[in-house]
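Residue numbers (the working numbering), protein chains in the order written: chain A, 314 to 665; chain B, 314 to 665.
Heads up, the beta-carbon is just placed ideally off N, CA and C, and yes, glycines get one too.
As structure tokens, the structure follows; a few thoughts come after it.
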DNA sequence: TTGTATGCGTTATCAA
DNA sequence: TTGATAACGCATACAA
């Protein structure tokens with residue numbers, strides 16, 4: 314018995330069919346070396362390859378070249394609506410350039426993240442696009458020191474020279490605060506994301522600066538840190554703020570999920586948005602315009618973020634002289650119904 | 314000059330360190346062949362491998378075994394909130410089993426889909442999890458005929474014996490209709506998804522059956538097909554239905570996005586939900602509970618769908634005696650505020 | 001312009 | 001239980 318399945322043709326099969334050596338076929342089929350082969354030979358080889366249905370085996374090629382044409386996409390959680398557009402943008406660019414994306418979820422768990430990244434490395438990915446947000450990151454430092462190519466998206470590491478693509482969060486926050494100030498708000502609170510994340514820190518700092526720039530009272534108790542980037546943490550933070558007896562008429566949330574947590578607390582306590590409290594989100598995740606109170610938020614160009622990160626990574630892979638740089642994409646305020654001029658008393662009073 | 318980087322250790326390095334042959338190391342490190350090696354030797358090898366930081370090279374292994382430990386995930390569009398949970402569930406199971414997921418978006422474009430699948434095949438994926446919904450699918454047939462391992466998720470192909478994991482859409486629709494009937498609705502419309510998709514067809518059929526089972530008037534004009542699974546198509550469909558002068562008090566939408574399109578039309582025309590029209594969605598995508606009118610919908614176990622599909626695929630890869638089968642996961646109705654007993658006149662009257 | 005030889009890191013198949 | 005050898009499919013330095 315010979316063979317069960319006709320098994321896929323290899324370079325050799327094509328070579329035999331044409332009557333040349335496998336090397337020649339390899340050269341003819343590779344655009345970069347094609348010029349070394351006679352035009353006539355190339356034609357015959359192409360034809361034979363086509364009729365045999367030859368497909369180069371990328372595994373064999375990888376083993377030889379130690380390049381895999383895959384890159385790793387490290388994200389915390391694909392079900393967080395922030396990330397799919399980023400992945401989408403990155404994937405489109407990668408695919409067009411001949412790369413495939415290996416996607417892993419870390420759940421913001423350092424142990425899991427390390428394991429996932431290890432798994433990616435063992436698969437010989439040529440680089441990483443990293444969208445996880447933890448600020449202090451031994452793994453990141455390790456990768457960087459080991460010379461792994463990577464691009465950070467939606468975050469930066471100040472201490473390391475790693476290329477990054479981020480949106481102009483500071484400007485986004487500034488726009489949000491300006492919008493509230495123009496509406497007449499004076500006492501504005503900020504529900505910051507965890508300060509263990511670069512975006513959390515950055516947006517909180519931007520908030521302080523914006524408040525200063527408008528000569529508003531800089532009350533530190535009006536800035537509270539959420540324990541997570543999610544609704545529950547946002548709800549807890551606002552509840553604490555309300556219970557603390559602070560007077561404030563508007564809230565800039567660290568992200569949309571935190572803002573949605575605010576909605577929950579307000580509903581629970583019979584407070585209205587924007588009547589009792591104006592709320593601004595951040596990110597502009599889908600369907601915000603369809604909420605009970607459509608959320609005013611800062612829109613970020615997520616697809617572009619992913620696409621640009623992919624471009625950078627490809628450049629750094631293919632151009633050895635690449636110097637790390639940072640790209641800053643603009644953020645824009647999207648005004649909806651959750652913000653209005655300050656009405657009556659302080660919500661903290663109304664609350665109890 | 315010797316070497317720039319210390320380069321990653323190979324089997325040989327470990328073998329040299331221990332003083333055995335590479336073959337022995339290979340056997341010792343592979344759980345399936347470990348028993349062939351002396352316990353003492355295994356111990357020494359493990360130790361050396363560990364201290365050298367040896368990581369097996371999956372590329373080399375793939376070349377030898379012609380297995381890649383990767384599977385392809387083919388989805389229409391990652392930014393559709395339906396898919397991330399499926400991907401998430403699949404990825405978790407795959408990762409645990411030592412497989413990696415290569416994800417591609419097709420945008421429901423047949424040409425693009427073919428190209429993406431080709432790209433996956435050339436990367437030697439061992440199987441496919443396919444979440445695209447097109448019913449008539451030459452590509453699917455081809456893959457099947459070529460003996461490619463695959464599992465369909467959230468869809469079926471009646472004519473082909475391909476394993477699939479789907480939710481009990483028919484039961485979900487039945488629950489939705491029963492709910493509306495119990496509220497007192499009699500004239501219920503269905504905004505079906507495109508009949509080029511298996512889910513579109515299936516749910517429409519289920520709707521007809523459910524209406525029959527409750528002895529409601531089976532008015533064909535109350536079932537309209539949307540041109541897509543999105544808000545715009547849903548809006549167009551409902552607008553057409555309203556303009557058509559049909560009387561109806563409730564709508565079962567083919568999915569949540571179509572239901573959201575209904576919301577848009579109702580808002581535009583000054584109609585209220587559920588006052589003028591009860592609306593039921595399908596899928597329970599995130600944040601539906603935070604909408605202006607929280608949407609009653611049918612919840613599907615998306616994460617489980619993905620996870621089960623991955624399990625099936627792995628089984629079919631690793632067990633040659635695997636027989637294709639279909640898994641049906643239960644759907645549950647989630648009642649929110651968009652459905653209530655029928656009130657006054659027909660919305661079609663109010664509309665003009 | 002084409003062919004030869006070699007090796008990427010691993011595993012399968014022998015033989016010892 | 002261990003070792004020797006070859007091979008997976010391809011790319012590249014070198015020779016012709």
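- Task: Take residue 597 of chain A and list the residues in its own chain whose beta-carbon comes closer than 8 Å to its own, dropping the five residues that flank it on each side.
- Result: To locate residue 597 of chain A, count along the first chain from 1; it is residue 284. So the qualifying residues of the chain are 569, 610, 611, 612, 613, 647.
- Query: Near residue 367 of chain A, which residues of its chain fall below 6 Å by C-beta distance, leaving aside the five closest residues on each side in sequence?
  - Reply: Stepping through the first chain from its first residue, residue 367 of chain A is reached at position 54. So the qualifying residues of the chain are 322, 327.
- Query: From what residue to what residue does the beta strand (DSSP E) around residue 612 of chain B run?
  - Reply: The residue labelled residue 612 of chain B in the question sits at position 299 within the second chain. That run of the beta strand (DSSP E) goes 609-612.
- Task: For the segment 404-423 of chain A and the segment 574-590 of chain A, state whether three or more C-beta atom pairs, one from each stretch, are separated by less than 8 Å.
- Result: no
- Query: My guess is that residue 468 of chain B and residue 440 of chain B are in contact by the Cβ rule of under 8 Å, so how many angstroms apart are they, rounded?
  - Reply: Along the second chain, read from residue 1 onward, the residue named residue 468 of chain B stands at position 155. Along the second chain, read from residue 1 onward, the residue named residue 440 of chain B stands at position 127. Actually they are not in contact, since the Cβ atoms of residue 468 of chain B and residue 440 of chain B sit about 16 Å apart, beyond 8 Å.
- Item | Residues that DSSP places opposite residue 418 of chain B in a beta bridge | As a first step, residue 418 of chain B must be located in the second chain, where it is residue number 105. Beta-bridge pairing links residue 418 of chain B to B:388.
- Message: Taking beta-carbon pairs under 9 Å, can you tell me which members of the segment 361-381 of chain A lie near chain B?
- Response: 368, 369, 370, 371, 372, 373, 375, 376, 379, 381
- Item | Alpha-carbon spacing of residue 473 of chain B relative to residue 640 of chain B, whole angstroms | By 1-based counting over the second chain, the position of residue 473 of chain B is 160. By 1-based counting over the second chain, the position of residue 640 of chain B is 327. Cα to Cα, residue 473 of chain B sits roughly 15 Å from residue 640 of chain B.
- Close Cβ partners of residue 309 of chain A (< 8 Å) along its chain, the five nearest in sequence each way excluded: The first residue shown for chain A is 314 and the last is 665, placing residue 309 of chain A beyond what the model contains.
- Query: What residues from the segment 597-611 of chain B come within 9 Å of chain A, judged by C-beta to C-beta, listed N to C?
  - Reply: 598, 599, 600, 601, 603, 604, 605, 606, 607
- Message: If we define contact as Cβ-Cβ less than 8 Å, is residue 392 of chain A a contact residue for chain B?
- Response: Reading the first chain from its first residue, position 79 is the one you call residue 392 of chain A. So, interface residue.
- Can you find a CB in chain A that lies within less than 8 Å of the CB of residue 436 of chain B? Position 123 of the second chain, counted from the first residue, corresponds to residue 436 of chain B. Yes, because at least one Cβ of chain A sits closer than 8 Å to the Cβ of residue 436 of chain B.
- Message: Under 8 Å, Cβ to Cβ, is there at least one residue of chain B near residue 443 of chain A?
- Response: Mapped onto the first chain, residue 443 of chain A falls at position 130. With 8 Å as the cut-off, residue 443 of chain A does not count as an interface residue toward chain B.
- List in chain order: all unbroken alpha helix (DSSP H) runs of 4+ residues lying wholly within the segment 487-529 of chain A. 511-526
- Cα-Cα separation, residue 563 of chain A to residue 600 of chain B: Working through the first chain from its first residue, we reach residue 563 of chain A at position 250. Working through the second chain from its first residue, we reach residue 600 of chain B at position 287. Those two C-alpha atoms are separated by around 23 Å.
- Cutoff 8 Å; reference residue 470 of chain B; Cβ partners in own chain excluding five residues on either side: Counted from its first residue, the second chain places residue 470 of chain B at position 157. Only 448, 450, 453, 477, 511 meet the Cβ criterion.
- Task: Go through its chain and collect everything with a Cβ distance to residue 331 of chain B's Cβ below 6 Å, but skip five positions before and after it.
- Result: Working through the second chain from its first residue, we reach residue 331 of chain B at position 18. Closer than 6 Å at Cβ, skipping near neighbours: 357, 358, 361.
- Starting from residue 406 of chain A, follow the alpha helix (DSSP H) in both directions and report where the run begins and ends. As a first step, residue 406 of chain A must be located in the first chain, where it is residue number 93. From DSSP, the alpha helix (DSSP H) with residue 406 of chain A extends over 396-409.
- Query: Does DSSP put residue 594 of chain B in a helix, in a strand, or in coil?
  - Reply: Here residue 594 of chain B corresponds to residue number 281 of the second chain, with the count starting at 1. Of the three classes helix, strand and coil, the one that applies to residue 594 of chain B here is strand, per DSSP.
- Task: Go ahead and label residue 424 of chain B buried or exposed: buried means 16 or more other beta carbons lie within 10 angstroms of its beta carbon, across all protein chains shown.
- Result: If you number the second chain from 1, residue 424 of chain B lands on position 111. The residue in question, residue 424 of chain B, is exposed, as its Cβ has fewer than 16 Cβ neighbours within 10 Å.
- residue 662 of chain A versus residue 554 of chain A - alpha carbon distance: Position 349 of the first chain, counted from the first residue, corresponds to residue 662 of chain A. Position 241 of the first chain, counted from the first residue, corresponds to residue 554 of chain A. Low confidence applies here, because residue 662 of chain A scores a pLDDT of 40, under 50, leaving its location unreliable; read the following figure in that light. In a straight line, the C-alpha of residue 662 of chain A is about 12 Å away from that of residue 554 of chain A.
- Item | For residue 532 of chain A, the nearest candidate out of A:355, A:538, A:500, A:516 (CA to CA) | As a working mapping, residue 532 of chain A is identified with position 219 in the first chain. Minimum Cα distance to residue 532 of chain A is reached at A:500.
- Message: Tell me which residues of the segment 570-583 of chain B have at least one Cβ-Cβ distance to chain A shorter than 7 Å, keeping chain order.
- Response: 573, 576
- Query: So, is the C-beta of residue 404 of chain B closer than 8 Å to a C-beta in chain A?
  - Reply: Locating residue 404 of chain B in the second chain gives position 91, where the first residue counts as 1. Yes, residue 404 of chain B lies at the interface with chain A (some Cβ there is under 8 Å from its Cβ).
- Message: Against chain B, does residue 414 of chain A count as a neighbour if the rule is that its beta carbon must be under 8 Å from one of theirs?
- Response: Counting from 1 along the first chain, the entry for residue 414 of chain A is found at position 101. Yes - at least one Cβ of chain B is within 8 Å of the one on residue 414 of chain A.
- Given a cut-off of 8 Å, decide if residue 444 of chain B and residue 399 of chain B are closer than it, judged by their beta-carbon atoms. Within the second chain, residue 399 of chain B is the residue found at index 86, counting from 1. Within the second chain, residue 444 of chain B is the residue found at index 131, counting from 1. Against a cut-off of 8 Å, the Cβ pair of residue 444 of chain B and residue 399 of chain B comes out as a contact.
- Message: Tell me whether the segment 371-381 of chain B and the segment 541-553 of chain B touch, counting them as touching only if at least three CB pairs, one residue from each stretch, are closer than 8 Å.
- Response: no
- Query: Quick one: is residue 581 of chain B buried, meaning 16 or more other Cβ sit within 10 Å of its Cβ, or exposed?
  - Reply: As a working mapping, residue 581 of chain B is identified with position 268 in the second chain. Looking at its Cβ environment, which holds fewer than 16 other Cβ atoms inside 10 Å, residue 581 of chain B is exposed.
- Query: Does the Cβ-Cβ distance between residue 485 of chain B and residue 616 of chain B come in under 8 Å?
  - Reply: Taking the first residue of the second chain as position 1, residue 485 of chain B is located at position 172. Taking the first residue of the second chain as position 1, residue 616 of chain B is located at position 303. No, these two residues do not count as a Cβ contact at 8 Å.
- Query: What are the residues that DSSP puts in a beta bridge with residue 563 of chain A?
  - Reply: Counting from one through the first chain, the residue named residue 563 of chain A turns up at place 250. Its beta-bridge partners are A:501, A:591.
- Item | Beta carbon of residue 619 of chain A nearer than 8 Å to that of residue 466 of chain A | Residue 619 of chain A sits at position 306 when you count from the first residue of the first chain. Residue 466 of chain A sits at position 153 when you count from the first residue of the first chain. A contact, by the Cβ cut-off of 8 Å.
- Establish whether the CB of residue 384 of chain A and some CB of chain B are separated by less than 8 Å. Taking the first residue of the first chain as 1, we reach residue 384 of chain A at position 71. It does not; no Cβ of chain B falls within 8 Å.
- Query: Between which two residues does the alpha helix (DSSP H) carrying residue 435 of chain A extend?
  - Reply: Here the question's residue 435 of chain A lines up with position 122 in the first chain. Per DSSP, residue 435 of chain A belongs to the alpha helix (DSSP H) from 423-435.
- Task: Have a look at A:490, A:559, A:543, A:546 and flag the residue whose alpha-carbon is nearest the alpha-carbon of residue 535 of chain A.
- Result: Residue mapping note: residue 535 of chain A aligns to position 222 of the first chain, counting from 1. Residue 535 of chain A has its Cα closest to that of A:559, out of A:490, A:559, A:543, A:546.
- Name the one or two DSSP bridge partners that residue 333 of chain A has. As a first step, residue 333 of chain A must be located in the first chain, where it is residue number 20. Residue 333 of chain A pairs with nothing; no bridge assigned.
- In chain order, what residues of the same chain have a beta carbon less than 8 Å from the beta carbon of residue 427 of chain A, not counting five sequence neighbours either side? Numbered from 1 along the first chain, position 114 holds the residue referred to as residue 427 of chain A. Answer for residue 427 of chain A: 452, listed in chain order.
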